[in-house]
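Enquirer: Residue numbers (our numbering): 227 to 1046.
No residue lacks a Cβ here, since even glycine has one placed at the ideal position from N, Cα and C.
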Amino acid sequence: MIRFVSNAYIYLAQRKWLLLLVMGGMMLCCVLSLSSMKLEERISYLLPDDKSVLSNDLDLIQSAPLQHRILITLHAVNDDLVGVPLAKLTDQLTRTMQSSFFTKVACKPDSLNPNFFIGLRDLVPSLFSNGVQNAVSQAITADNIAKALTSQKHTLGTMEGVLKASTIAADPLNLHRTALQKIASLAYMKNLRILHGVYMTEDGKHSLIMATTPVMTTDSRASVALEQELERISNTLPKGVTWTVLGAQRYTAANALTIKNDIKTTSVIACIALLGIVVCFLRTKQVFFLLLLPLLSYCAGAAAVATGWKPASAMTFGFGPILVGMTIDFGLHLYYVLGSNAAPKRDLLQKASVPIVISGLTTIAAFALLMFSPVPGLRQLSVFITIGLLTAVVLTLFILPHVISGHQGHIASKPLPQFSHNHRAAVLTVTAVVFILGCVGSSQLHFQDHIRAMGVRPAALLQAEKDIRNIWGIKGEEALLFASGTSIDEIVRNTSDSIALLSPEDKKSVVSLTPLLPSRQRQQENWQHWRKFWEAHPSVASTVQAKGVALGFSKHAFTPFYDFIHASPQAVTVGSLRNLGIGSLLDSLLVERSVSPQTEIDVEGTSGLPMAATSTVGYSNFSGVLATSNFYTLISYLPDTHTINSVFTPEIEKKYDVRLISGSRLGKELASVLTGTFVRFIAYAFAIIVVIILLVHRVVKQCICALLPACFGLLMMGGVLGLLNRPLSIFSVAGALLVLGHGVDYGVYATHAIKKNSLGTSQAIFVSGLTSLAGFGSLLFADHPALFDMGLSVFSGLLAAMPCALLVLPALFSKDTISS
């Protein structure tokens, strides 16, 4: 390889036109690829897309209808806007919000069926559980029958009675209230009331608008557009009224805008820092070609990503300063070696190419492993940096020697420092102290265990979430129980049976459709209980009739009620519930997707799922048999507590074909993924690098010398993260690979310099280290956690690896000792 580089130099030196042709072709290819590049800031690029448990759980969460719900709370700041004025404004604003951003906007319930209460009464036989039976038993006592009929008589004497006459005749004992209680239990907003025709709090100071949007929470571009639309609407609010808006899309938009701003900020800071380095250390005309090296490498890496992904992640290019700082290292090393003495350029190139090739191979090998990452953003980053580094190595070895002559000055002739006994002791003492601090910090290192910590969480949005929860009585952290299949009866039964495993106390906090929509088998059992109940109470009808006549009702006033208790019960279906006018409530708990016959359905609920209900669902005549083109998901809401999480073990979930997903569970899954990814990638990268180093040096001391800066850098990276109580994230894992690869680069350069007594290496390591620190350090000014984590991990690692190569290695090894 080394002879090939020197021969290629001689060959190309006589054919400068070929250099221009190659450079022109490379630039043309980059321009063509970049011209068709499309960028997006999708948050999904930060999430695993494999078939892991975490990936499947994230897909399931995306299927929840609440992911498409925007909650808008209007606040009456002035007292004169409380109540009716706020209600009118809410209704007016709801009408103006109809646009392509919202498929449905509601500030009040759906129009109820005129026979809503009679329809509720008809549900009672199918819902006749022990609790309902006890309530009905209380209602049919002689005293309660008299009280109920007295109340109904009073109601008939009002305007309300005119409208409720048929309901009173059909249900004089208010049996419908038992079904109404089950509907009320499905409300997850405990403080929600209907005042003046709209959703309001009881004091009339706050109103609610619920908007459904087709915008996906993973679509950053559409989320930003939605955020702009919300901003436009907020500007139309009259004085004295404010609003609070909560929706998952707002977090997506915040992440997208943060990334965009971070790219601008970090790029400017990196450029300023690099310009400062140029002014201080590279005041020469050759600097143009040295800076052209990272520019072309950046373009090549970007072109590779643009070719492989359409659209590509904008965050990938947020790591551009990293690639710039890494690729210029090769050119700087060549620059200082070529100026180290007056030997022929071919000989100097041959001397410089050895560490350049080794360091390039180790860094590329380490970072290429991320191509096997389950996170698409890391795969793109791997291609971006790998292709960029490969381009930089090729340009450094074959193009750069023809356009630069090397550093002209005495500093390029300086070898690595030679220490006296006292200085060596001082260096090693300081190193030992830093080593101990690194060990202490690394012992406190922990992995990221909250999925929301992967993105930006602006204080304003967190406060909005807190305010809306407090105003409407929404509970804190919740777990979602998913049951999926091709039969509604099947998923209802599985959900009901699994919830039955909970303690009575935990069951009180469950929001599920199953109490209102029992399984077919359960309804049939309830029908039997219903019939036996009335067989055991044959005198109820005569008691109602006698009490009614005594109060002035006609003898046949309650004939519809008598017919009802002896008639065959009607099955409760999704269709019958929709006919009552509670379709919106159903859509928040039951999701349907229509699929073609060729589509393979994963009945265990681990495949892609729908994002919202798309059509009316139900089963005719309670057959429970549905067309194979329908796929359903039933979602229940449970508290995210340890006791509930412990009930839904993998065995229970498999038995009942359900899946419980909670914030605490996702955190554990994320930590598990990060732990496995970190250990696996670091182990593989270290093994590959060790093999490369052994093949080149074949001497144990030289291998230790080459690897020591990388190991010291990794230790300090872990120490800094641990001392700052900063968890190890997905991008910290990528940063660890960069520290490993980059640290080995410094070790290889220093080992080669010690072994060959090479000149110019110390300045090359120092200046290239500064450029890398400038690139990674610029990410410390980023607000997005992914960019910041990468910057902090690599900056802290290289801040230890560079001094280790420049000071510690010369203090430990000499030309004589390293070769023995």
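1. Assign Y863 to one of three DSSP states: helix, strand, or coil.
2. Among residues of its own chain, excluding the 5 on either side of K781, which ones have a beta-carbon nearer than 7 Å to its beta-carbon?
3. Closer than 6 Å by C-beta to A499: which residues in its own chain qualify, once you throw out the five before and the five after it? Chain order, please.
4. Just checking, does the stretch 382-401 make contact with the stretch 350-365 on the three C-beta pairs under 8 Å criterion?
5. Between which two residues does the alpha helix (DSSP H) holding Y414 run?
6. So, does the stretch 442-451 touch the stretch 311-323, judging by three or more C-beta pairs under 8 Å?
7. How long is the line joining the alpha carbons of I287 and L963, rounded to whole angstroms?
8. Out of curiosity, what's the CA-to-CA distance linking L245 and I495?
9. Just checking, does the stretch 726-746 make contact with the stretch 896-904 on the three C-beta pairs under 8 Å criterion?
10. What did DSSP end up calling V388 once you bin it into helix, strand or coil?
11. By Cβ distance, which residues of its chain are closer than 6 Å to P1047, with the 5 residues on each side in sequence left out?
12. In whole angstroms, what is the alpha-carbon distance linking D693 and A405?
13. Find the nearest neighbour of I489 within the set V257, A1037, F1002, judged by alpha-carbon distance.
14. In whole angstroms, give me the CA-to-CA distance for L273 and F1007.
15. May I have a chain-ordered list of the alpha helix (DSSP H) segments no shorter than 4 residues that lie completely inside the stretch 679-727?
16. What ranges does the alpha helix (DSSP H) occupy inside the stretch 546-615, keeping only unbroken runs of at least 4 residues that lie completely in it?
17. Taking the straight line between their C-alpha atoms, what separation do you get for W698 and T470?
18. In angstroms with no decimal places, state the Cα-to-Cα distance between F759 and T785.
19. How many angstroms separate the CA atom of A479 from the CA atom of T903?
20. Under a three-way DSSP split, which group does I980 fall into?
21. For the beta strand (DSSP E) that contains Y524, what are its first and last residues?
22. Identify the continuous beta strand (DSSP E) that holds A290 and give its terminal residues.
23. Take the Cβ of Q454 as the centre, count every other Cβ of all protein chains shown within 10 Å, and call the residue buried at 16 or more, exposed below.
24. Looking at C-alpha atoms only, which residue of L575, T462, A932 is the closest neighbour of N233?
25. Evaluate V851 with the Cβ neighbour count: other Cβ atoms within 10 Å of its Cβ, from every protein chain shown; 16 or more gives buried, anything less gives exposed.
26. Which residues does DSSP pair with M436 in a beta bridge?
27. List the endpoints of the continuous beta strand (DSSP E) containing L472.
28. Identify which residue in V817, C497, K408, E266 has its Cα closest to the Cα of L1005.
29. Curious, which full-length alpha helix (DSSP H) runs of at least 4 residues does the stretch 905-957 contain?
30. Once DSSP output is grouped into helix, strand and coil, what is the label at V884?
31. Given T381, which residues of its chain have a CB within under 8 Å of its CB, disregarding the five upstream and five downstream residues?
32. Thinking just about the alpha-carbon of each residue, which of L949, M942, N951 is nearest to the one in G961?
33. Nearest CA to the CA of V800: which residue from K701, Q689, T740?
34. Can you tell me whether DSSP reads E428 as helix, strand or coil?
35. Tell me which residue opens and which closes the alpha helix (DSSP H) that G423 is part of.
36. Identify the residues that DSSP records as bridge partners of N461: which are they?
Expert: Reading off the structure:
1. strand
2. Q771, V775
3. A1000
4. yes
5. Premise fails: Y414 is in no alpha helix (DSSP H) and is neither H nor E.
6. no
7. 31 Å
8. 33 Å
9. no
10. helix
11. This structure cannot settle anything about residue 1047, because the visible part of the chain is limited to 227 through 1046.
12. 32 Å
13. F1002
14. 23 Å
15. 685-698, 714-725
16. 546-564, 571-594
17. 12 Å
18. 19 Å
19. 28 Å
20. helix
21. That residue, Y524, is in no beta strand (DSSP E); its alpha helix (DSSP H) goes 513-534.
22. Where A290 is concerned, there is no enclosing beta strand (DSSP E), given that its DSSP letter is neither H nor E.
23. exposed
24. L575
25. For V851, the pLDDT reaches just 39, beneath the cut-off of 50, and the residue's location in the model is therefore unreliable, although a value from the coordinates is still provided. Flag for V851 reads exposed.
26. L297, A332
27. 467-472
28. C497
29. 926-949
30. strand
31. G387, K390, I394
32. M942
33. T740
34. coil
35. Careful: G423 lies outside any alpha helix (DSSP H) and carries neither H nor E.
36. According to DSSP, N461 bridges with nothing at all.
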